[in-house]
Structure formats: structure tokens, C-alpha cells
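To start, the structure under review is shown below, and the notes come after it.
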Amino acid sequence: MSSIICVRIPRELKERIGRVSNVNWSELIRKFIEETISHLEVEELLRRIEKDLEDVPVLPAGTVARWIRVDRDSH
Numbered sequence: 005m006s007s008i009i010c011v012r013i014p015r016e017l018k019e020r021i022g023r024v025s026n027v028n029w030s031e032l033i034r035k036f037i038e039e040t041i042s043h044l045e046v047e048e049l050l051r052r053i054e055k056d057l058e059d060v061p062v063l064p065a066g067t068v069a070r071w072i073r074v075d076r077d078s079h
């Protein structure tokens with residue numbers, strides 16, 4: 005089911021929109037809103053990940069490589 009939102013724009017802008025007939029304004033605005041929401045959701049997720057990573061201790065250089073080598077040698 006769809007919902008309707010209403011946006012107030014200046015009269016001059018509405019007149020300019022009316023002069024451009026080959027654009028599906030509803031679809032264009034819908035895509036803009038979807039892309040903006042997706043972008044903002046990704047930014048929020050990245051902020052939460054960065055916050056979670058603040059509590060993770062930094063490993064000394066070479067630790068992960070050593071773990072991988074130990075794992076490979078154990079097979």
C-alpha cells in the first residue's frame with residue numbers, strides 16, 4: 005500500500021516544473037528519496053560499526069598473519 009506525502013514548493017518552481025512535460029516527477033522524487041534514505045542508513049550503520057570498533061583492542065603487527073600460518077600448518 006502506498007502513502008502520500010505533500011511538499012510545499014515556491015510557485016515559480018511549480019511553474020518551471022509544469023513547463024517540463026517529459027519528466028515523471030513522481031518517479032524522480034521517489035527515487036531521490038529512496039537513494040537518500042539508503043545513503044543515510046549506510047552512514048548510520050557505519051557510525052555504529054565505528055563505535056563498536058572503538059572497544060576492540062589493536063593487535064600487534066603480524067598477529068593475524070601468524071594466526072593464519074598456525075592454522076595452515078595445523079592441517
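Each residue of the sequence shown is one higher than the last, beginning at 5 in my numbering. All C-beta atoms in this analysis are idealised placements derived from N, C-alpha and C, irrespective of residue type, glycine included.
Flag residue i as yes if its beta-carbon sits less than 8 Å from any beta-carbon of chain D, otherwise no.
{"i": "Val11", "result": "In the structure shown, chain D cannot be found, because there is only a single protein chain."}
Specify the secondary structure class of residue i as computed by DSSP and reduced to three states.
{"i": "Ser42", "result": "helix"}
{"i": "Ser78", "result": "coil"}
{"i": "Val68", "result": "helix"}
{"i": "Arg12", "result": "coil"}
Please report how far the alpha carbon of residue i lies from the alpha carbon of residue j, in whole angstroms.
{"i": "Arg76", "j": "Arg51", "result": "35 Å"}
{"i": "Ile13", "j": "Thr40", "result": "19 Å"}
{"i": "Val27", "j": "Glu58", "result": "47 Å"}
Residues in the same chain with beta-carbon distance under 6 Å from residue i, minus the five sequence neighbours each way, listed in chain order, please.
{"i": "Ser30", "result": "none"}
inquiry  = Could you tell me which whole alpha helix (DSSP H) segments of length 4 or greater appear in the segment 15-66?
reply    = 15-23, 29-57
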